[in-house]
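Below you'll find the structure, written out as structure tokens, and then a few comments.
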Amino acid sequence: MLDARIPAGPIEQDWDKCRFDMKLVNPANRRKYNIIVVGSGLAGAAAAATLGQQGYHVQCFSYHDTPRRAHSIAAQGGINAAKNYRNDGDSVFRLFYDTVKGGDFRSREGNVYRLAQISLNIIDQCVAQGVPFAREYGGLLDTRSFGGVQVQRTFYARGQTGQQLLLGAYQALEEQVAAGSVTMHIRSELLDVVIVDGRARGIVTRDLVTGRINCHAADVVVLATGGYSNVFYLSTNAMACNCTAIWRAHRRGALFANPCFTQIHPTCIPVSSEHQSKLTLMSESLRNDGRVWVPKKRDDTRHPNDIPENERDYYLERRYPSFGNLVPRDVASRNAKEVCDEGRGVGPNGQGVYLDFADAIHRLGLHTVREKYGNLFDIYERITGEDAYKVPMRIYPAPHYTMGGLWVDYHLMSNIPGLFVSGEANFSDHGANRLGASALMQGLADGYFVLPATVPDYLATTKSDPVDTSHPAFAEVQNDVVERIEKLLAIKGDRSPDSFHKELGKLMWDYCGMTRSEEGLRKALARIPELREEFWRNLRLVGGGEELNQSLEKANRVSDFIELAELMCIDALDRNESCGGHFRVESQTPDGEAKRDDANFSFSSAWEWKGLGQPPALHKEPLTFEYVHLAQRSYK
Amino acid sequence: MNLTLKIWRQLNSKTPGKFVTYQVKDVTKDMSFLEMLDSLNEDLLDQKEPPVAFEHDCREGICGSCGFLINGVAHGGFRGTTVCQLSMRFFKEGDSLTLEPWRAKAFPLIRDLIVDRSAFDRIIQAGGFVSAPTGSAPDANAILIPKEAADTAFDAAACIGCGACVAACPNAAAMLFTSAKLTHLNSLPQGQPQRDQRTVGMVAAMNAELFGSCTNHGECEAVCPKEIPLEFIGKMNSDLIRAALRRRREPLVIPTVVQHTSQDAAPHPVREDQRLQDNGGGQPAKHEGAQPAERSSL
Chain A
2 MLDARIPAGP IEQDWDKCRF DMKLVNPANR RKYNIIVVGS GLAGAAAAAT
52 LGQQGYHVQC FSYHDTPRRA HSIAAQGGIN AAKNYRNDGD SVFRLFYDTV
102 KGGDFRSREG NVYRLAQISL NIIDQCVAQG VPFAREYGGL LDTRSFGGVQ
152 VQRTFYARGQ TGQQLLLGAY QALEEQVAAG SVTMHIRSEL LDVVIVDGRA
202 RGIVTRDLVT GRINCHAADV VVLATGGYSN VFYLSTNAMA CNCTAIWRAH
252 RRGALFANPC FTQIHPTCIP VSSEHQSKLT LMSESLRNDG RVWVPKKRDD
302 TRHPNDIPEN ERDYYLERRY PSFGNLVPRD VASRNAKEVC DEGRGVGPNG
352 QGVYLDFADA IHRLGLHTVR EKYGNLFDIY ERITGEDAYK VPMRIYPAPH
402 YTMGGLWVDY HLMSNIPGLF VSGEANFSDH GANRLGASAL MQGLADGYFV
452 LPATVPDYLA TTKSDPVDTS HPAFAEVQND VVERIEKLLA IKGDRSPDSF
502 HKELGKLMWD YCGMTRSEEG LRKALARIPE LREEFWRNLR LVGGGEELNQ
552 SLEKANRVSD FIELAELMCI DALDRNESCG GHFRVESQTP DGEAKRDDAN
602 FSFSSAWEWK GLGQPPALHK EPLTFEYVHL AQRSYK
Chain B
8 MNLTLKIWRQ LNSKTPGKFV TYQVKDVTKD MSFLEMLDSL NEDLLDQKEP
58 PVAFEHDCRE GICGSCGFLI NGVAHGGFRG TTVCQLSMRF FKEGDSLTLE
108 PWRAKAFPLI RDLIVDRSAF DRIIQAGGFV SAPTGSAPDA NAILIPKEAA
158 DTAFDAAACI GCGACVAACP NAAAMLFTSA KLTHLNSLPQ GQPQRDQRTV
208 GMVAAMNAEL FGSCTNHGEC EAVCPKEIPL EFIGKMNSDL IRAALRRRRE
258 PLVIPTVVQH TSQDAAPHPV REDQRLQDNG GGQPAKHEGA QPAERSSL
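In structure tokens form, the structure reads like this:
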């Protein structure tokens, strides 16, 4: 059933061959096609702008007041590209190799190789748009290192790389809006996907200001709606990030792949209070110059600056001499949890480790450190009230990115013809762990280069009848959406959407977070259906559906998170091996590293929805490695 | 600590609004300002009252969603800080705080503390970009950019589009916002070919959106969470003069732009009398309805 459509032949030629084999659409015919792009982050805005430039009629949807608010904007550290400007041994093949290895051999070789190839074009494209990347004094682009690799291939714009890349894509998008090729629908949230004769032909949205439920028809639907880390309630994602678009598509038949592959980012500001609404990331780039440590002895409450050098444990440098503080995120996070579980954590609740810049300031000078990381130190100071130039930062892991997502083939099309999925919303490129500075790369690769090649091929090779919103399928889906909203509003129980979300998040963090065990997952699987039942019985909302109603928006999203959480636990339980961010306590090496089971689990799990409360059906896409040899990852 | 909040409540633009006073109890120092509002909203839900609508998303000061006036000051008056980055340790027991939405004719109210800032998007549509169709770019290092130009461009590009500059300005001018984008793109080699067009187009769009003009109060700079400096407005004005005086083969064209807010919404009206007045011949710019890609000439 699962055909990934990877071209046969040497991997270096896959993408070229695929593009040559694709059918094209005559420029004069392009304006006859209607393309819906849901989401206006890097993957969505880049795709909408580029397809608009090509001459298609694009409708782009965002639940924000402007496309520029998408959460891509918060990415700090940088974007990878195999330019080898540093002459330090980088190449397309090395970026490919690092990404497959970093993903712990659970990604598709063909997709990753293409990503590495396209990385070169992305930097060119962004510079041409005027993205103000960091420069050397000679006027050339500067780069820095990131976790999991030994070359300096990360391009950056201070600590606001995501912001600058998103503004580049946003500006290109607005140019197309002005040109009339893209119609932007702001404050519109997707609530369902419409399928006609087995093909994705439209969406149903809610206008967040008036509450109107609108239907939109198209020839192709692209979902670029981001990840689902907010299933944990506390995460580094923005407050509105949600799984509704991909989840409702899943309920309509799209397969959901590797839902349990979530990334816990090692460098976030620790939780400080029970009222906390979200967690703040401190860019991984800080690990370039910051040194991670905890006191050698347990429950050491001395001020960090009073702890002498020989009583500090720089545990990453000690355990992983060759990568040191730059081990991949999953490894850094698990090690932080371990030292805290040993009672050596720091900060008010013992859930934190130090990230110390004293050496860097001594070596590089305060000015250089301020120039490189100034805004991150400012963010830290504002939140904690501490000056990280003088006292080491305290950091702790937090949910950050989801490698899982809707299953897509090499063309980024899901198993539903005409439904494409890009960026974090799909599962394709990062396997079981994403390397730093690769999310921006993937979002833009999908948006600027992959979809603008594969979507036209779909249009050119598909004969489908014209469909508009008067088709009965639209009325049917619209009806479902309206009913669901009315049902939510009619419950009139006692608990707020947030209280359910918090409880779900805690459950997921405890049992499906940094470490997972069969026992814990079974507990979660027993509890989640009860929580779902209570949600639909005891939810409290105020106000109506035909107005701006933020609690209703929240409730809608939480209802989907509860269902997704169950699938995540099912997947985590099924995958009885450790790989990347998925750490099953039952499967570890003698020194506590993740132990893969390639004989039994060298596949991507794609789950099919079978109805509420019904066990989902598992489809396996086997993974084969012809170019990168399967090996136990070692960063020692 | 306990606080008194006076919050502007208004269901929508058609119904009148009013201040409503709330007592918020047991606020802790480690809460953020928006977490304090979250807890007020949870209490309101408990009492079956509609929660206060306010915009927010990233809660780390970068997305630009949040923003309202606290005691008359945009984002609360802590330098370089958005509302979402305010910590309650900046406030003290018994404080009485008045929360109001951004006030500007160009930012119509939607509900409570939420306003419509889509006028900013239309200013960007009028030229806030470098035309570089995907796939056409030369190698990234083929364009040498002096570090100083890159740094200036970055300082300007740091704008998050929150609208505080407009809210703080006695004239509700959008000049800090517009000049930030112009300084970003006009400082770079990539931005030069469209420099004049961009400057004239964005300034015209700014005027068409009912924003006022700068009279050097400097309030915008004071409240800007990204500390965009006032001098960029000077750069914008000098670029505008440059654009007006430079010899060119063809007259500059100002694109007029529209944005649909939902499928059936009417295109945003562009008032004829608000278009850039000086169009060379003393005649108002020609403007018939608002069609995408329609152009009027300067």
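For the record, the sequence lines run as chains A and B.
Residue numbering for the first sequence follows the numbering used here, starting at 2 and increasing by one per position.
Residue numbering for the second sequence follows the numbering used here, starting at 8 and increasing by one per position.
Glycine included, C-beta positions come from ideal geometry on N, C-alpha and C.
Sixteen is the threshold: when 16 or more other Cβ atoms of the shown chains lie within 10 Å of the Cβ of residue 186 of chain B, as they do, the residue is buried. Its chain contains 434, 581, 582 as the residues whose beta carbon lies nearer than 6 Å to that of residue 331 of chain A, once the 5 sequence neighbours on both sides are disregarded; these appear in chain order.
Against chain A, the beta carbon of residue 94 of chain B has neighbours under 8 Å at 383, 384, 386, listed in chain order.
Along the length of the stretch 122-168 of chain B, whole beta strand (DSSP E) runs at least 3 residues long do not occur.
Residues of chain A with a Cβ closer than 8 Å to the Cβ of residue 192 of chain B are, in chain order, 131. By the CB criterion at 8 Å, residue 248 of chain B and residue 188 of chain B fall outside the cutoff. Membership of residue 510 of chain A in the alpha helix (DSSP H) is indicated by the continuous run 498-513. In terms of Cα proximity to residue 178 of chain A, the closest of B/70, B/125, B/176, B/65 is B/125.
Residue 619 of chain A and residue 109 of chain A have their C-alpha atoms some 18 Å from each other. In the three-state scheme derived from DSSP, where H, G and I count as helix and E and B as strand, residue 452 of chain A is classed as helix. For residue 364 of chain A, the enclosing alpha helix (DSSP H) starts and ends at 359-365.
At least one beta carbon of chain A lies nearer than 8 Å to the beta carbon of residue 46 of chain B. In this structure, the alpha-carbon of residue 145 of chain A lies about 27 Å from that of residue 313 of chain A. The residue among A/334, A/351, A/533 with its C-alpha nearest the C-alpha of residue 341 of chain A is A/351.
Listed along chain B, the residues sitting closer than 9 Å to residue 69 of chain A by beta-carbon distance are 70, 71, 127, 128, 131, 167, 168. Contact fails between the stretch 32-44 of chain A and the stretch 117-129 of chain A, because fewer than three Cβ pairs, one in each stretch, are under 8 Å apart. Counted as a single uninterrupted DSSP element, the alpha helix (DSSP H) harbouring residue 331 of chain A occupies residues 330-340. For the stretch 348-361 of chain A, the beta-carbon criterion of a distance under 9 Å to any beta-carbon of chain B is satisfied by none of its residues.
Inter-segment contact for the stretch 219-233 of chain B and the stretch 174-186 of chain B is present: three or more beta-carbon pairs are separated by less than 8 Å.
Scanning the stretch 529-577 of chain A for uninterrupted alpha helix (DSSP H) segments of 4 residues or longer gives 551-575, listed from N- to C-terminal end.
Residue 319 of chain A and residue 325 of chain A have their C-alpha atoms some 7 Å from each other. In chain order, 574 place their CB closer than 8 Å to the CB of residue 523 of chain A, counting only its own chain and leaving out the 5 sequence neighbours on each side. Looking from the CA of residue 30 of chain A, the closest CA among A/46, A/428, A/56 belongs to A/56. When DSSP states are grouped into helix, strand and coil, residue 380 of chain A belongs to the helix group.
Scanning chain B for C-beta atoms nearer than 8 Å to the C-beta of residue 380 of chain A yields 67, 68, 92, reported in chain order. Between residue 191 of chain A and residue 211 of chain A, the CB-CB gap reaches or exceeds 8 Å.
In the structure shown, the three-state DSSP call for residue 9 of chain B is coil.
Per the C-alpha coordinates, the member of A/454, A/600, A/69, A/507 positioned closest to residue 53 of chain A is A/454.
Taking a Cβ-Cβ threshold of 8 Å, none of the residues of chain A is close to residue 211 of chain B; the smallest such distance is about 13 Å. The beta carbon of residue 15 of chain A sits closer than 7 Å to those of 7, 8, 111, 114, 115, all from its chain and outside the five residues before and after it, given in chain order. Among the residues of the stretch 534-559 of chain A, those with a Cβ less than 9 Å away from any Cβ of chain B are 541, 542, 543, 544, 548, 549, 550, 551, 552, in the order of the chain. The beta-carbon of residue 215 of chain B is placed no less than 8 Å from the nearest beta-carbon of chain A. Using a Cβ-Cβ cut-off of 8 Å, residue 616 of chain A does not count as an interface residue toward chain B, since no Cβ of chain B sits closer than that to its own.
Shown here, residue 35 of chain A sits in a strand according to DSSP, grouped into three states. The residues 63, 65, 66, 67, in chain order, have a CB closer than 7 Å to that of residue 187 of chain A in the same chain once the five nearest residues on each side in sequence are set aside. If you compare the alpha carbons of B/170, B/133, B/190 with that of residue 173 of chain A, the shortest gap goes to B/133.
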